[in-house]
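Q: Residue numbers (the numbering used here), protein chains in the order written: chain W, 31 to 141; chain P, 31 to 141.
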């Protein structure tokens with residue numbers, strides 16, 4: 031199911047927590063169940079579920095329950111939105127540097 | 031002055047706040063003074079200074095005081111580190127999708 035438009039506030043808030051980033055690192059290797067996430071991270075199942083809720087609400091993760099097992103996977107739209115926000119800031123900043131460089135390279139009209 | 035190695039925890043924590051991202055947006059257009067930052071964001075100078083401290087500690091922003099004016103500018107190393115972290119997660123995830131695609135495209139040996 032396609033997600034709603036990425037909410038950049040929620041995405042960066044979600045990525046601002048080291049445990050949630052560890053979950054994203056784990057998920058980038060492939061989908062896993064909630065209990066498979068909890069074990070290596072050495073946190074309770076309840077804590078994983080809470081973090082997953084934040085990740086899912088932000089659109090970074092999708093979860094699906096089949097029978098008794100909830101499987102979690104990366105939703106790439108969320109990651110792309112965060113990457114784009116950063117890339118936009120960096121490219122604005124770089125364009126400004128280029129303009130400054132061009133100005134400095136121009137012969138001074140007042141000489 | 032070159033900054034120490036980017037601290038990805040601090041960077042994402044810093045970017046997780048909407049006011050701090052608004053400061054980054056403003057700074058991506060070019061360096062500004064602390065008071066020039068406070069005015070359009072409609073927050074107190076004290077709050078801007080606090081947010082700037084977080085951004086500076088994370089390596090996303092550099093500030094420099096000349097006389098009585100403190101000027102703030104983007105430190106691109108921090109933004110690049112965050113961008114790289116996201117790009118790495120996304121590319122791991124995409125490589126995995128490619129492998130899955132290849133597996134599905136292979137003729138089944140058991141047929």
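The beta-carbon is built from N, C-alpha and C at its ideal position, and this holds for glycine as well. Here the structure is a predicted model, which is why all the values come from computation and not from measurement.
Please work out which residues of its chain come closer than 8 Å, Cβ to Cβ, to residue 37 of chain W, disregarding the five sequence neighbours upstream and downstream, and give them in chain order.
A: The count along the first chain starts at 1 and reaches residue 37 of chain W at position 7. Same-chain partners within the cutoff: 88, 89.
Q: Tell me the start and end of each unbroken alpha helix (DSSP H) in the segment 91–139 of chain P that is at least 4 residues and wholly inside, in chain order.
A: 106–135
Q: Looking at the structure shown, is residue 88 of chain P part of a helix, part of a strand, or coil, going by DSSP?
A: Along the second chain, one-based indexing puts residue 88 of chain P at 58. Residue 88 of chain P falls in the helix class under three-state DSSP.
Q: I'd like to know whether the C-beta of residue 43 of chain W is nearer than 7 Å to at least one C-beta of chain P.
A: In the first chain, counting from the first residue as 1, residue 43 of chain W sits at position 13. Closer than 7 Å to some Cβ of chain P, the Cβ of residue 43 of chain W qualifies, so yes.
Q: Confirm, please, whether the CB-CB distance from residue 57 of chain W to residue 116 of chain W is below 7 Å.
A: The count along the first chain starts at 1 and reaches residue 116 of chain W at position 86. The count along the first chain starts at 1 and reaches residue 57 of chain W at position 27. Cβ distance not < 7 Å, so residue 116 of chain W and residue 57 of chain W don't count as in contact.
Q: Quick check on residue 65 of chain P: does DSSP put it in helix, strand or coil?
A: Stepping through the second chain from its first residue, residue 65 of chain P is reached at position 35. Reduced to three states, the DSSP call for residue 65 of chain P is helix.
Q: Alpha carbon to alpha carbon, how far is residue 133 of chain W from residue 132 of chain P? Give it in angstroms, no decimals.
A: Mapped onto the second chain, residue 132 of chain P falls at position 102. Mapped onto the first chain, residue 133 of chain W falls at position 103. Near 51 Å, if we compare the C-alpha coordinates of residue 133 of chain W and residue 132 of chain P.
Q: With distances taken Cα to Cα, identify the nearest neighbour of residue 62 of chain W among W:44, W:138, W:46, W:94.
A: Here residue 62 of chain W refers to the residue found at position 32 when the first chain is read from its first residue. Ranking the options by Cα distance to residue 62 of chain W, first place goes to W:94.
Q: Mind the definition here: the segment 39–57 of chain P touches the segment 41–55 of chain W only if three or more C-beta pairs lie below 8 Å; say whether that holds.
A: yes
Q: Select from W:138, W:72, W:136, W:129 the residue whose C-alpha is nearest the C-alpha of residue 59 of chain P.
A: The residue you call residue 59 of chain P lines up with position 29 of the second chain. Ranking W:138, W:72, W:136, W:129 by Cα distance to residue 59 of chain P puts W:129 first.
Q: DSSP three-state call for residue 47 of chain P: helix, strand or coil?
A: Here residue 47 of chain P refers to the residue found at position 17 when the second chain is read from its first residue. In this structure, residue 47 of chain P counts as coil in the three-state DSSP scheme.
Q: Counting only beta-carbon separations shorter than 7 Å, does residue 104 of chain P have a partner in chain W?
A: By 1-based counting over the second chain, the position of residue 104 of chain P is 74. Yes, residue 104 of chain P lies at the interface with chain W (some Cβ there is under 7 Å from its Cβ).
Q: With contact counted as at least three CB pairs below 8 Å, one residue from each stretch, are the segment 67–83 of chain W and the segment 69–81 of chain P in contact?
A: Between the segment 67–83 of chain W and the segment 69–81 of chain P there are fewer than three inter-stretch CB-CB distances shorter than 8 Å, so the stretches are not counted as touching.
Q: In angstroms, rounded to a whole number, what distance separates the CA positions of residue 113 of chain W and residue 119 of chain P?
A: As a first step, residue 113 of chain W is located in the first chain; it is residue number 83 there, counting from the start. As a first step, residue 119 of chain P is located in the second chain; it is residue number 89 there, counting from the start. If I take the Cα positions, the gap works out to 11 Å.
Q: Is the CB of residue 116 of chain W under 7 Å away from at least one CB in chain P?
A: Taking the first chain and counting its residues from 1, one reaches residue 116 of chain W at position 86. Taking Cβ atoms only, chain P reaches closer than 7 Å to residue 116 of chain W, which makes this a yes.
Q: Residues in its own chain within less than 7 Å of residue 73 of chain P by CB, not counting five upstream and five downstream?
A: The residue labelled residue 73 of chain P in the question sits at position 43 within the second chain. Non-local beta-carbon contacts of residue 73 of chain P in its own chain, meaning distances under 7 Å to residues more than five positions away in sequence, involve 49 in chain order.
Q: So the candidates are P:65, P:136, P:107; which of them puts its Cα closest to the Cα of residue 100 of chain P?
A: Taking the second chain and counting its residues from 1, the one referred to as residue 100 of chain P is at position 70. Taking only the C-alpha atoms, the option nearest residue 100 of chain P is P:65.
Q: According to DSSP, is residue 53 of chain P part of a helix, a strand, or is it coil?
A: Mapped onto the second chain, residue 53 of chain P falls at position 23. Residue state, collapsed to three classes: helix.
Q: Helix, strand or coil: which one does DSSP assign to residue 59 of chain W?
A: Against the first chain, residue 59 of chain W aligns to sequence position 29. Coil at residue 59 of chain W, not helix or strand.
Q: Kindly indicate which residue of W:107, W:53, W:123, W:106 has the alpha-carbon position closest to the one of residue 83 of chain W.
A: On the first chain, residue 83 of chain W is found 53 positions in, with the first residue counted as 1. It is W:53.
Q: At a CB-CB cut-off below 8 Å, which residues of chain P make contact with residue 113 of chain W?
A: Residue 113 of chain W sits at position 83 when you count from the first residue of the first chain. Simply 113, 116, 117, 120.
Q: Is residue 32 of chain P buried or exposed, if buried means 16 or more other CB atoms sit within 10 Å of its CB?
A: Counting from 1 along the second chain, the entry for residue 32 of chain P is found at position 2. At residue 32 of chain P the pLDDT is 49, less than 50, meaning the model places this residue with poor confidence and gives no usable figure here.
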